[in-house]
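A quick write-up on the structure given underneath.
Residue numbers (mature numbering (1 follows the signal peptide of the UniProt record, and there is no 0)): -22 to -1, 1 to 179.
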């Protein structure tokens, strides 16, 4: 059966609409690795060991991402009573970025979660997987902001100060005003890493 040329525009529009509604974005929010008692804006040796184990965990669970975000390390943050340049999330996600041969977007400062939420909802990421490494309380704020921007309610749990292993995963389906989001809580399974730095005698 031959399709009339007059019907092609309607068919193309239907196909494009179906493709748009099938769009799916996955945002994986992870906390930085363990930190030293004195803060320093840094991760500890245990946090470094977690960071080095993350590439396999994240790639196995989510595949290669299309983008990776971490806060601007030029931003100073109050940490254990002093202010330090905050490299902790970047140091945590760097081994993953290096393994995958990818850049890390550090365009947003520590507190700029509203701007980051808006960016993550750009059409650029409609079919993307995105890894976001940040501070745990700011992650909760970011997750709530994403749902608020979509005009949806969500029960985002608080993040314990002692928890470095959780992954907050937001899945967004559809496009434009037809987007719907869902939240799930997952785990890296990387607790109990050595407290000695790699190569230490």
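Note that the Cβ used here is the ideal one computed from N, Cα and C, for glycine as well.
Predicted model, so just to flag it, every value in this text is computed and none were measured.
- The C-alpha of residue 3 lies about 21 Å from the C-alpha of residue 49.
- A Cβ-Cβ contact shorter than 9 Å links residue 41 with residue 107.
- Per DSSP, the continuous beta strand (DSSP E) segment holding residue 3 begins and ends at 2 to 9.
- Note: residue 57 is bridge-paired with 60 in the DSSP secondary-structure output.
- Between residue 68 and residue 84 the beta-carbon gap is near 7 Å, inside 8 Å, which marks them as a contact.
- Residue state for residue 164 is assigned as strand, using DSSP reduced to three classes.
- In this structure, the alpha-carbon of residue 130 lies about 12 Å from that of residue 148.
- Burial check for residue 91: the Cβ neighbour count within 10 Å reaches 16 or more, so the residue is buried.
- Take the alpha-carbon of residue 171 and the one of residue 47: they are about 24 Å apart.
- For residue 127, the enclosing alpha helix (DSSP H) starts and ends at 114 to 127.
- Taking residue 14 as the centre and dropping the five residues before and after it, the same chain places the C-beta of 20 and 22 closer than 7 Å to its C-beta, in chain order.
- Excluding the 5 residues flanking it on each side, residue 175 has same chain C-beta neighbours closer than 7 Å at 23 and 26, in chain order.
- Looking from the CA of residue 16, the closest CA among 62, 104 and 28 belongs to 62.
- Residue 6 holds the alpha-carbon nearest to the alpha-carbon of residue 35 among 150, 1 and 6.
- If you ignore the 5 residues before and after residue 136, its C-beta comes within less than 7 Å of the C-beta of 118, all in its own chain and listed in chain order.
- Boundaries around residue 151 are those of the beta strand (DSSP E), 144 to 151, since no alpha helix (DSSP H) includes it.
- Note on geometry: alpha-carbon atoms of residue 65 and residue 140 lie some 19 Å from one another.
- Ranked by how close their Cα comes to the Cα of residue 45, the residues 72, 55 and 133 have 72 in first place.
- Across the structure, residue 87 and residue 53 are spaced so that their CA atoms are roughly 6 Å apart.
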